[in-house]
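Participant: According to numbering that gives the first Met the number 0, the sequence shown holds residues 0 to 222 in order. Encoded as structure tokens, here's the structure I'll be asking about.
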Amino acid sequence: MQFSREVLDAFPGISVAEGVVRSVHVADTHPGLEALREAVTRELLSRYTLEQVRNDPVFRAYRDFFWSTGVDPTKTRPASEALVRRILAGKPLPRINPAVDAYNLASAASGVPLAAFDADRLHGDLSLRFAREGEAFLGIGMQAPILLGDNQVVVTDAAAIVAVYPYRDADATKVTAGTTTIHIVACGVPTIERERVAGAYRTCARYLEEFTGGTASAPQVFP
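Here it is, written out as structure tokens:
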């Protein structure tokens, strides 16, 4: 992952951990996934109340990052916090496919947002930079592209924006039933330790290996 100088200057301490999971098979379901879902749910219910989530330093770090990039985290929550809040509210986690469900559970368990891409749909290496004012982005689940502000941070490949950092991946590069290689990015922000970010990647990689049969690389931490 390449970081623009502007992002590094604006957010000292920002980091990512990235790698790939190869030879993935994304089935419709996996018999062991429900047990993991229940285990993660129990652990989070024992760890947090809604008040504790509000004051947790990890979630607060991501909310602070959102505010600084012009995103209201009370309306658009960091992905990891949104998943935890859903569990605490007694709502079921989304069921998409074993790969997507696995990395959502890893994000909830670790508290670190995770981006995931179909590696065969990426063009070249990834970079982190500020968006250009008015740059268009079509994220997963969006009916039409949105226009970004120049204070928002984006992940790009050589051809396009593939994510708004660290909360929405692009529709064009999303993981589907046909995906065979998944590129994972664990998304850190200032004050989040690099080891926590790397640990989130390792958790995600372990879950994906178990539930898709893939083989994960070790994380590379940048910058």
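In this text, a Cβ means the ideal position worked out from N, Cα and C, and glycines have one as well. All of these numbers come straight from a predicted model, not from anything done at the bench.
#1: For the structure I just gave you, are there three or more beta carbon pairs, one from the segment 26 to 39 and one from the segment 66 to 78, closer than 8 Å?
#2: Just grab the DSSP bridge partners of F2 for me.
#3: From Q151, T180, A185, pick the residue whose C-alpha is nearest to that of A9; which is it?
#4: Do you know offhand how far A26's Cα is from V20's?
#5: Suppose you measure from the CA of A114 to the CA of V161; what does that come to, to the nearest Å?
#6: Taking Q51 as part of the alpha helix (DSSP H), name the residues at either end of that continuous run.
#7: Cα separation between A215 and E5?
#8: Tell me whether R53 is buried or exposed, calling it buried when 16 or more other Cβ atoms sit within 10 Å of its Cβ.
#9: From which residue to which residue does the beta strand (DSSP E) around A157 run?
Facilitator: Judging by the given coordinates:
#1: The segment 26 to 39 and the segment 66 to 78 do not touch, with fewer than 3 CB-CB distances between them shorter than 8 Å.
#2: L127
#3: Q151
#4: The C-alpha of V20 is placed about 15 Å away from the C-alpha of A26.
#5: 9 Å
#6: 49 to 54
#7: 31 Å
#8: exposed
#9: Premise fails: A157 is in no beta strand (DSSP E) and is neither H nor E.
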